[in-house]
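Its first residue numbered 2, the sequence shown is counted upward by one per residue in our numbering.
We put the CB at the ideal spot given by N, CA and C, even for glycine.
All values reported here derive from a predicted model rather than from experimental measurement.
Heads up: the structure comes next, in structure tokens.
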Amino acid sequence: MIVTLMIGVSGSGKSTYVRKNLPGNTVISADHYFTGPDGVYRFDPRKLGEAHADALRKYLAALHRGLDIVVDNTNTNLVNLAPYVALAEMVGATVKFIHLDVDPVVAAQRNLHMVPADTVAKMALQIASSFAQWPPHWPRPLTIKA
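Okay, structure coming up:
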């Protein structure tokens with residue numbers, strides 16, 4: 002069982018990368034919470050905590066089923082990543098990290114969630130800070146220029 006944790010700012014191409022390169026994996030994403038049965042994405046920032054809790058519940062269920070999983074969230078800091086890593090380690094899953102590195106200006110222009118450019122830039126700084134504090138027992142992320 003393999004758990005792949007995506008890391009990247011909004012608009013970095015995480016979901017596209019997952020669709021193209023990790024077919025057959027169970028994809029867990031907080032974004033799914035905001036997508037209605039009609040397929041329309043309706044983001045509500047007031048429900049972001051609920052969305053992440055829902056993603057973590059679905060992740061836990063997928064782990065118990067022994068599935069290969071991709072967590073397709075921004076995961077901009079170690080606090081975001083830690084629960085996924087800890088739960089994966091508890092069941093003996095292999096954990097991998099994929100970081101899509103894209104210029105924040107480009108990502109801000111192409112992100113589908115209307116995240117402002119200054120927020121995307123702050124996300125990029127959070128990711129860089131996380132890498133500077135990376136736990137030594139975690140595998141290093143594979144960084145892909147996107």
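(message) Between which residues of its own chain and lysine 97 is the CB-CB distance below 8 Å, once the five residues before and five after are set aside?
(response) Position 96 of the sequence shown holds residue 97. The answer, listed in chain order, is Ile3, Val4, Thr5, Leu6, Pro140 and Leu143.
(message) Let me make sure I understand the geometry here. Which of Asp32, Tyr60 and Lys48 has the alpha-carbon closest to that of valine 41?
(response) Counting from 1 along the sequence shown, the entry for residue 41 is found at position 40. The residue with the shortest Cα to Cα distance from valine 41 is Asp32.
(message) Using 8 Å as the cut-off, can you tell me whether the segment 120-128 makes contact with the segment 24-39, which would need three or more C-beta pairs spanning the two stretches below that distance?
(response) no
(request) State the DSSP-derived secondary structure class of histidine 100, mapped to helix, strand or coil. (result) Taking the first residue of the sequence shown as 1, we reach residue 100 at position 99. Reduced to three states, the DSSP call for histidine 100 is strand.
(request) With DSSP as the reference, label threonine 120 as helix, strand or coil. (result) Here the question's residue 120 lines up with position 119 in the sequence shown. If DSSP states are grouped into helix, strand and coil, threonine 120 belongs with the helices.
(request) Could you tell me which residues DSSP puts in a beta bridge with valine 28? (result) Translated into the one-based positions of the sequence shown, residue 28 becomes position 27. In DSSP, valine 28 forms a bridge with Val71.
(message) Using only CA atoms, which one of Leu79, Glu51, Thr17 and Ala63 lies nearest to leucine 126?
(response) Residue numbering aside, residue 126 sits at position 125 when the sequence shown is read from its first letter. Of the listed residues, the one whose Cα sits closest to leucine 126 is Leu79.
(request) Inspect the beta-carbon positions of threonine 75 and lysine 15 and report whether they are closer than 9 Å. (result) Here the question's residue 75 lines up with position 74 in the sequence shown. Here the question's residue 15 lines up with position 14 in the sequence shown. Result yes, Cβ atoms of threonine 75 and lysine 15 sit closer than 9 Å.
(request) Report buried or exposed for proline 137, applying the criterion of at least 16 other Cβ atoms within 10 angstroms of its Cβ. (result) Walking along the sequence shown from the start, residue 137 turns up at place 136. By the neighbour-count rule (16 or more Cβ atoms within 10 Å), proline 137 is not buried but exposed.
(request) For valine 92, collect the residues of the same chain with a Cβ closer than 6 Å to its Cβ; drop the 5 residues on either side in sequence, then sort them by chain order. (result) The residue given as residue 92 occupies position 91 in the sequence shown. Leu64.
(message) Going by DSSP in three states, threonine 17 sits in which element: helix, strand or coil?
(response) Translated into the one-based positions of the sequence shown, residue 17 becomes position 16. Threonine 17 falls in the helix class under three-state DSSP.
(request) Can you give me the start and stop residues for the beta strand (DSSP E) that lysine 146 sits inside? (result) Your numbering for residue 146 matches position 145 in the sequence shown. Unbroken beta strand (DSSP E) run through lysine 146: 143-146.
(message) Beta-carbon within less than 7 Å of valine 107's beta-carbon, same chain only, minus the 5 sequence neighbours each way: which residues are those?
(response) Mapped onto the sequence shown, residue 107 falls at position 106. Excluding positions up to five away in sequence, the list is empty.
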